[in-house]
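Student: Take a look at the following structure, please.
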Amino acid sequence: MKGLFSKKAGLGLALASVMLFSTACSEESGTDEKDSKENPKIDIVVNNYGRTFPSGMDENENPYLDFIEENTGIDVSVQVPPAEGYMERLNVLMASDDLPDLIYSPDANWFVNYVNQQALTPLTDLVDKHGKNLKKLIPEEAWDAVTVDGEIYAIPHILQEKGSEIMYVRQDWLDELGLEKPETLDEYVNVLREFKAKKDNTGLIMTDTLGRISPFLGAFGIQRSQWVERDGKLVYSSTTPEMKEALAFLADMYKEGLLDKEFPSNSLSVLGEKVANDRAGLFTAAWWDPRGPILTNQQNNPDAKWTSLEYPVGPNGDSGTAGSALVRGYNAVPVTSDNAEAVVKYLDFIVSDGFRDIFLGFEDDVWSMKDGVASTDFEKHNEHLYRQMYVTVEPLDPETTKIRLDSLGLEFGLYDNVTKIGEHAMHTEYQGPPTRASGQYGGQLKTMEDEVFSNIIAGNEPIDAFDKFVERWNKEGGQEWTDEVNEWYKNK
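Rendered as structure tokens:
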């Protein structure tokens, strides 16, 4: 009996110990889960675009990340791959066994590729529950661009400015030659002829990727790489008769010597050098160029005076400039993450209460407002410019945009430039997510387009080469892409 009793007593004690241990573990586990939910940790991968940090700081140790963590209660661990080769590093990362909770990608094809591989977490329910500011402050069209088969697969990063290109001319050259500001395409050509004959310059500058020509395409009612409506269907703008007309015009300008003969080797930096060194009298500027090559030119030559122009009006009354894509980047959560909710909460703070401080810098430190005018401490602005790597979502916020641009110097007219561009920007009719065919064929079709268009403009191929380009474009994936785009257009 004693032995039996002893066994039962021992068993009871053992069970009691197990139950006590289990309860303790359960309570500890519950505490861990509660702490994990109340004080979540997320790993994020963002692009710092090569910006530097002040001494003693890095992507994980700085006052702006402290500000984010203090206001969200989220412990954020930041990875910053090198800016050069950033997309290649993202692809390597996606193939690894150690994925973060948030990846920021500026590439639409990357986004659609990993959606198709079912590698990204659907976020619709989480955005509905925890992203009220994201839903309120980001335009609906941007959400359309990240929604596939009814599910949101990324938080979109929108571009505030609706375009980038605006015309500038040397006003002192116009005055010296007794010329009026050009308005029509013919008047633009006449000014370029006068500048060629009487001033030492390269003619109209464009870049090797056919950049900085969108106002001249706009004069023919078209832009590159957009989807435009024709007879109830969407067609690719670069394959239209209007584009052929525009290319013929540019080829004639090149032949006459009015277009920079060196354009096939012009990088953006080379373009800037030519503007800065009195080699250009009329060019398509970016809205920020008054603080860039135009300012450098005026510093090099105090007599240089630049002014913006209206966009050239073409033979049929058309004018305009290329509109930027609304979505500039994608905040995606890999399916391996258990912290999608915390990611959405983190981004919800960035887009709302945290936005102005992170985007502009801390008020009364980096910038300040006096008598209704914002001014920037450029030393501190540049020192802490790294802060903008955390801005992977933005609200549509014209007020903050104006503060930012005015604070850089009212004399540059940057906000006026952005406003003018917005009033004349020509946008694509397709606002859906990247399609499968765009991811599969888009890169090679763009390369073909650049090559053929450059050769036509430079006179290496006749204008009829455009018709062969259209045939090839359709055969080599373009028709499939067109079909997918029109399926969206039909059902939108």
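Residues -26 to -1, 1 to 466 (mature numbering (1 follows the signal peptide of the UniProt record, and there is no 0)) are what the sequence shown spells out, left to right.
Note that the Cβ used here is the ideal one computed from N, Cα and C, for glycine as well.
Would you mind listing the alpha helix (DSSP H) stretches within the segment 333 to 364 that are 4+ residues and don't spill past its ends, in chain order?
Tutor: List check, alpha helix (DSSP H) in window: 352 to 357.
Student: Identify the residues that DSSP records as bridge partners of residue 502: which are they?
Tutor: Because the chain is modelled from -26 through 466, residue 502 falls outside the range shown and cannot be assessed.
Student: Counting only the same chain and skipping the five closest in sequence on each side, list residues whose C-beta sits under 6 Å from that of GLY297.
Tutor: Your numbering for residue 297 matches position 323 in the sequence shown. Only LYS136, GLY137, ALA399, MET400 and HIS401 meet the Cβ criterion.
Student: With a Cβ-Cβ cutoff of 8 Å, do PHE169 and GLY294 count as a contact?
Tutor: Counting from 1 along the sequence shown, the entry for residue 169 is found at position 195. Counting from 1 along the sequence shown, the entry for residue 294 is found at position 320. Not a contact, by the Cβ cut-off of 8 Å.
Student: Report the start-end ranges of each beta strand (DSSP E) in the segment 15 to 59 that is 3 residues or longer and not cut off at the edges.
Tutor: DSSP runs (the beta strand (DSSP E)) wholly in the segment 15 to 59: 15 to 19 and 49 to 53.
Student: From GLY387 to PRO96, what does the alpha carbon distance come to, in whole angstroms?
Tutor: Against the sequence shown, residue 387 aligns to sequence position 413. Against the sequence shown, residue 96 aligns to sequence position 122. Those two C-alpha atoms are separated by around 42 Å.
Student: Cα-Cα, which of PRO407, MET141, SER349 and GLU423 is closest to GLY192?
Tutor: Start at 1 with the first residue of the sequence shown, and residue 192 comes out as number 218. Answer by Cα proximity: MET141.
Student: Tell me which same chain residues have a C-beta within less than 6 Å of the C-beta of MET363, skipping the five on either side of it?
Tutor: Taking the sequence shown and counting its residues from 1, the one referred to as residue 363 is at position 389. Closer than 6 Å at Cβ, skipping near neighbours: VAL20 and ASN22.
Student: Where DSSP assigns a beta bridge to SER79, which residues make up the other side?
Tutor: For the purposes of this step, residue 79 is identified with residue 105 of the sequence shown, where counting begins at 1. SER79 pairs with TYR304.
Student: Tell me which residue opens and which closes the beta strand (DSSP E) that PHE386 is part of.
Tutor: Here residue 386 refers to the residue found at position 412 of the sequence shown. PHE386 -> no beta strand (DSSP E), and no H or E assigned at all.
Student: Over what stretch of residues does the beta strand (DSSP E) that includes VAL208 continue unbroken?
Tutor: On the sequence shown, residue 208 is found 234 positions in, with the first residue counted as 1. The amino acid at residue 208 is misidentified as Val; the sequence shows Leu. It spans 207 to 210 - the beta strand (DSSP E) in which LEU208 sits, taken as one unbroken run.
Student: Would you list the one or two residues that DSSP bridges to MET68?
Tutor: Reading the sequence shown from its first residue, position 94 is the one you call residue 68. Its beta-bridge partners do not exist; DSSP assigns none.
Student: Measure the Cβ-Cβ separation of VAL325 and PRO369 and say whether it is below 8 Å.
Tutor: The residue you call residue 325 lines up with position 351 of the sequence shown. The residue you call residue 369 lines up with position 395 of the sequence shown. Yes; because the gap between Cβ atoms is below 8 Å, this pair is in contact.
Student: Pull the bridge partners of THR295 from the DSSP assignment, please.
Tutor: As a position in the sequence shown, residue 295 is number 321, starting the count at 1. Beta-bridge pairing links THR295 to ALA399.
Student: Is VAL426 helix, strand or coil by DSSP?
Tutor: Taking the sequence shown and counting its residues from 1, the one referred to as residue 426 is at position 452. Correct three-state label for VAL426: helix.
Student: Using DSSP with H/G/I as helix, E/B as strand and the rest coil, what is PRO408?
Tutor: Residue mapping note: residue 408 aligns to position 434 of the sequence shown, counting from 1. If DSSP states are grouped into helix, strand and coil, PRO408 belongs with coil.
Student: Is it true that the CB of ILE332 sits closer than 8 Å to the CB of VAL301?
Tutor: Your numbering for residue 301 matches position 327 in the sequence shown. Your numbering for residue 332 matches position 358 in the sequence shown. No; because the gap between Cβ atoms is not below 8 Å, this pair is not in contact.
Student: What's the C-alpha gap between residue 476 and ALA57?
Tutor: Summary: the structure shown does not reach residue 476, with the chain confined to residues -26 through 466, and so no result is reported for it.
Student: From the DSSP secondary-structure annotation, give me the bridge partner or partners of HIS131.
Tutor: Numbered from its first residue, the sequence shown carries residue 131 at position 157. HIS131 pairs with GLY303.
Student: DSSP beta-bridge partners for ALA254?
Tutor: Mapped onto the sequence shown, residue 254 falls at position 280. According to DSSP, which records beta bridges pairwise, ALA254 is partnered with nothing at all.
Student: Excluding the 5 residues flanking LEU208 on each side, which residues of the same chain have their C-beta closer than 8 Å to its C-beta?
Tutor: If you number the sequence shown from 1, residue 208 lands on position 234. Answer for LEU208: TRP201, VAL202, GLU403, TYR404, THR456, VAL459, ASN460 and TYR463, listed in chain order.
Student: Check this for me: beta carbons of PHE237 and ASP174, under 8 Å apart or not?
Tutor: Numbered from its first residue, the sequence shown carries residue 237 at position 263. Numbered from its first residue, the sequence shown carries residue 174 at position 200. Contact: no.
Student: Can you tell me which of THR158, LEU159, GLN272 and ASN164 puts its alpha carbon nearest to the alpha carbon of GLY152?
Tutor: Working through the sequence shown from its first residue, we reach residue 152 at position 178. When each option's Cα is compared against that of GLY152, the closest is ASN164.
Student: Quick one: Cα of VAL66 to Cα of SER79, how far?
Tutor: Reading the sequence shown from its first residue, position 92 is the one you call residue 66. Reading the sequence shown from its first residue, position 105 is the one you call residue 79. Straight-line Cα distance between these residues: approximately 13 Å.
Student: Who are the near neighbours of LEU224 in its chain, counting only those whose CB is closer than 6 Å to its CB and skipping five residues on each side?
Tutor: Here residue 224 is taken as the residue at index 250 of the sequence shown, counted from 1. For LEU224, where only same-chain residues beyond five positions count, the Cβ hits under 6 Å are ILE431.
Student: Ignore the nearest five residues each way along the sequence and tell me which others in ASN271's own chain have a CB closer than 8 Å to its CB.
Tutor: Numbered from its first residue, the sequence shown carries residue 271 at position 297. Only VAL249, ALA250, ASN251, ASP252, ALA278 and TRP280 meet the Cβ criterion.
Student: Between VAL50, SER29 and GLU33, which has its C-alpha nearest LYS319's C-alpha?
Tutor: In the sequence shown, the residue the question calls residue 319 occupies position 345. If we check each option's Cα against that of LYS319, VAL50 comes out closest.
Student: Which runs of the beta strand (DSSP E) spanning at least 3 residues fall entirely within the segment 137 to 186, listed in chain order?
Tutor: Listed in chain order, they are 139 to 144.
Student: Which of helix, strand or coil does DSSP assign to ARG198?
Tutor: Taking the sequence shown and counting its residues from 1, the one referred to as residue 198 is at position 224. The answer is coil: DSSP assigns ARG198 none of H, G, I, E or B.
Student: ALA259: which of ASN275, LEU242, PRO130 and GLY303 sits nearest, CA to CA?
Tutor: In the sequence shown, the residue the question calls residue 259 occupies position 285. Of the candidates ASN275, LEU242, PRO130 and GLY303, the one whose C-alpha sits nearest the C-alpha of ALA259 is LEU242.
Student: Return the residue from the list VAL287, ASN429, LYS420 and GLU216 that minimises the CA-CA distance to GLY451.
Tutor: The count along the sequence shown starts at 1 and reaches residue 451 at position 477. Of the listed residues, the one whose Cα sits closest to GLY451 is LYS420.
Student: So ARG446 is in the alpha helix (DSSP H); what residue range does that whole segment cover?
Tutor: The residue you call residue 446 lines up with position 472 of the sequence shown. Taken as a continuous stretch (DSSP letters only), the alpha helix (DSSP H) holding ARG446 covers 439 to 447.
Student: DSSP three-state label for LEU370, please.
Tutor: Here residue 370 refers to the residue found at position 396 when the sequence shown is read from its first residue. Note: LEU370 maps to coil in three-state DSSP.
Student: Alpha carbon to alpha carbon, how far is THR409 from ASN465? Give it in angstroms, no decimals.
Tutor: For the purposes of this step, residue 465 is taken as the residue at position 491 of the sequence shown. For the purposes of this step, residue 409 is taken as the residue at position 435 of the sequence shown. Going from the Cα of ASN465 to the Cα of THR409 covers about 14 Å.
Student: Near GLN418, which residues of its chain fall below 8 Å by C-beta distance, leaving aside the five closest residues on each side in sequence?
Tutor: The residue labelled residue 418 in the question sits at position 444 within the sequence shown. GLU450 and GLY451, listed in sequence order.
Student: In whole angstroms, what is the alpha-carbon distance linking TRP262 and HIS358?
Tutor: Translated into the one-based positions of the sequence shown, residue 262 becomes position 288. Translated into the one-based positions of the sequence shown, residue 358 becomes position 384. Those two C-alpha atoms are separated by around 20 Å.
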